[in-house]
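Chemist: Next up is a structure, given as structure tokens.
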Amino acid sequence: MQRRWIFDVGTKLGTATGISSKIQPYPQRSSDFYRIVKGFLNSKRAHTPSTNKRPGDSYLEGYLRFSNPQVFAEYVNPYGSVRFGKILEDLDALAAFVSFLHADKGDDKVPTVVTASVDRIEILESIPTDIDVQLSGHVTYVGQSSMEVSLQMMTCPEGSPPEEEEGYGMEAFDKPRPKGGKTILNAKFIMVAVDPETKKGAPVPPLRLETDKDRALFESGAAHKARKQFQSQTSLNKQPPTIQELELIHNMYLQANKGPTDAVFMKDTIRKSLILCQPQERNMHNNIFGGFLMRVAMELGYATAILYCHGSVHFKAMDEVSFWKPVSIGSLLSLTAQVVYTSDASKSVQVTVIADVLDVQQPHKRETTNIFHMTFEADGPVPKILPQSYEESMKYIDGKRRRERWHKQF
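Structure below.
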């Protein structure tokens, strides 16, 4: 029953979004895309759409079976740890399915869902490669057309269940989590339901909050939304730096003009890559999959960090990634990474990656589609970064604010 339902969903989405019959709505980009939603595909329960949904009704789980040599080979990097860019793709795919479970009202007018932003991805502990891990998520807050999807990764010391026992919905939501498992990752994605005809936001069902935990998560989502609005109003794009920040900028200006220094000039940390976006990386809207954009940005950011630190680094967090414009198939995507803030005391390195689509006819023209903010932790000493221009100083202050803000929260 469930397998038939998911293919019905694929057909409905393909029709609603106008995808060509020559391009299937579920392109097999890589095997991990299907692996992460195996629980969704293999569940035996039938989906019963509702307009009055509980948070657990959108619950979905999947497993990364690193105990399987083929899975391990697909996800491991040259240093023996997990390729986190692959995990980002999986998180984005999972968030899309979770949000669709909530947005679908069961009628003929099927909404599509898009990733509006990634509010935060936080690594609590290193992701192991010698045991399986569970990825799960559900909707915790809704607005008019937006949905906050909370995702979690847990270790499975006793192994993952058989694929036929993976599931979704309230029955799976109420089951105990992996015995002896630890939560090693938390993430929040903001998804938006879109009317396939008008291309405008589509209303989503409200959440039915039945437990104290549900209400607490909903209130947390509302508070987080208000906090984001405040941060937007006080950002450096709208407000000048504080007096203390201006003093810091002036001190760095004096240091930069003293001559030779142990610090590294920010302009010398820039790394770039150029990608031709292939149809294999498309989503259901015939644009480039958001998870792919996060993966390539993450891997450039990671390379930038290890070059800067002259050694291995560990990914710790990504925050406030906004998807401003879709990236079309065939686009030339320019990625520019730069170290913007460092702290030797905490061994942390802040890297910003800017994604621009280039105009083939006029290569000097570019349109920014995303800005990614990443935090890495180094094993050894971290050189001090030094801005020289006002623009670089703003990047430094922004990176410093992000580091301090999330350090307080987490």
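When you read off a place in the sequence shown, starting at 1, and then add 886, the result is the number in the numbering used here.
Glycine included, every Cβ here is placed at the ideal spot set by N, Cα and C.
Extract the residue ranges of the beta strand (DSSP E) inside the region 1081-1142, only unbroken runs of 3 or more that lie entirely within it.
Modeler: none
Chemist: Quick one: what's V1035 bridged to in DSSP?
Modeler: V1025 and F1075
Chemist: Taking all protein chains shown into account, do 16 or more other C-beta atoms lie within 10 angstroms of the C-beta of A1231, making it buried, or fewer, making it exposed?
Modeler: exposed
Chemist: What whole-angstrom Cβ distance do I1076 and A1002 have, given they're in contact under 8 Å?
Modeler: 5 Å
Chemist: Should F845 and F1258 be called a contact, given that it needs their Cβ atoms to be closer than 9 Å?
Modeler: Residue 845 lies beyond the residue range present for the chain, which begins at 887 and ends at 1296; the question has no answer from this structure.
Chemist: Pairs of beta-carbons, one from the region 1076-1096 and one from the region 959-977, closer than 8 Å: are there three or more?
Modeler: No: fewer than three Cβ pairs fall under 8 Å.
Chemist: Quick check on the burial criterion: 16 or more other C-beta atoms within 10 angstroms. Buried or exposed for R1101?
Modeler: exposed
Chemist: Rounding to the nearest angstrom, what Cα-Cα distance links T1222 and T1228 in this structure?
Modeler: 18 Å
Chemist: Are the beta-carbon atoms of V1243 and L1218 separated by less than 9 Å?
Modeler: yes
Chemist: If we count the other Cβ atoms within 10 Å of its Cβ and call it buried at 16 or more, is K1061 buried or exposed?
Modeler: exposed
Chemist: Please go through the same chain and pick out, in chain order, the residues whose beta-carbon is closer than 8 Å to the beta-carbon of V1207, but skip the five residues on each side of it.
Modeler: If we look at V1207 and ignore the five residues flanking it on each side, its Cβ neighbours are S1003, V1004, M1180, N1256, I1257, F1258 and H1259.
Chemist: Excluding the 5 residues flanking T1190 on each side, which residues of the same chain have their C-beta closer than 6 Å to its C-beta?
Modeler: R1157, A1223 and V1237
Chemist: If you draw a straight line from the alpha carbon of G1053 to that of P941, how long is it in whole angstroms?
Modeler: 15 Å
Chemist: Can you tell me whether I1174 is buried or exposed, with buried defined as 16 or more other CB within 10 angstroms of its CB?
Modeler: Classification of I1174: buried, given that the 10 Å Cβ count is 16 or more.
Chemist: Looking only at its chain, what residues have a beta carbon closer than 7 Å to the beta carbon of R1094, apart from the 5 residues adjacent to it on each side?
Modeler: N938, K939 and R940
Chemist: Which residue's Cα is closest to the Cα of E1008: R951, I1017, L1071 and I973?
Modeler: Answer by Cα proximity: L1071.
Chemist: Below 8 Å, can you find three or more Cβ-Cβ pairs linking the region 1082-1093 to the region 1016-1032?
Modeler: yes
Chemist: Measuring CB atoms only, is the region 1119-1137 touching the region 1147-1165, in the sense that at least three cross pairs come out at less than 8 Å?
Modeler: no
Chemist: Residues in the same chain with beta-carbon distance under 6 Å from S944, minus the five sequence neighbours each way, listed in chain order, please.
Modeler: V984, L987, H988, H1024 and V1025
Chemist: Identify the residues that DSSP records as bridge partners of R1006: which are they?
Modeler: K1074 and D1205
Chemist: Could you give the residue range of the beta strand (DSSP E) that holds H1259?
Modeler: R1252 to A1264
Chemist: How long is the line joining the alpha carbons of I1129 and G948, rounded to whole angstroms?
Modeler: One C-alpha to the other measures close to 49 Å.
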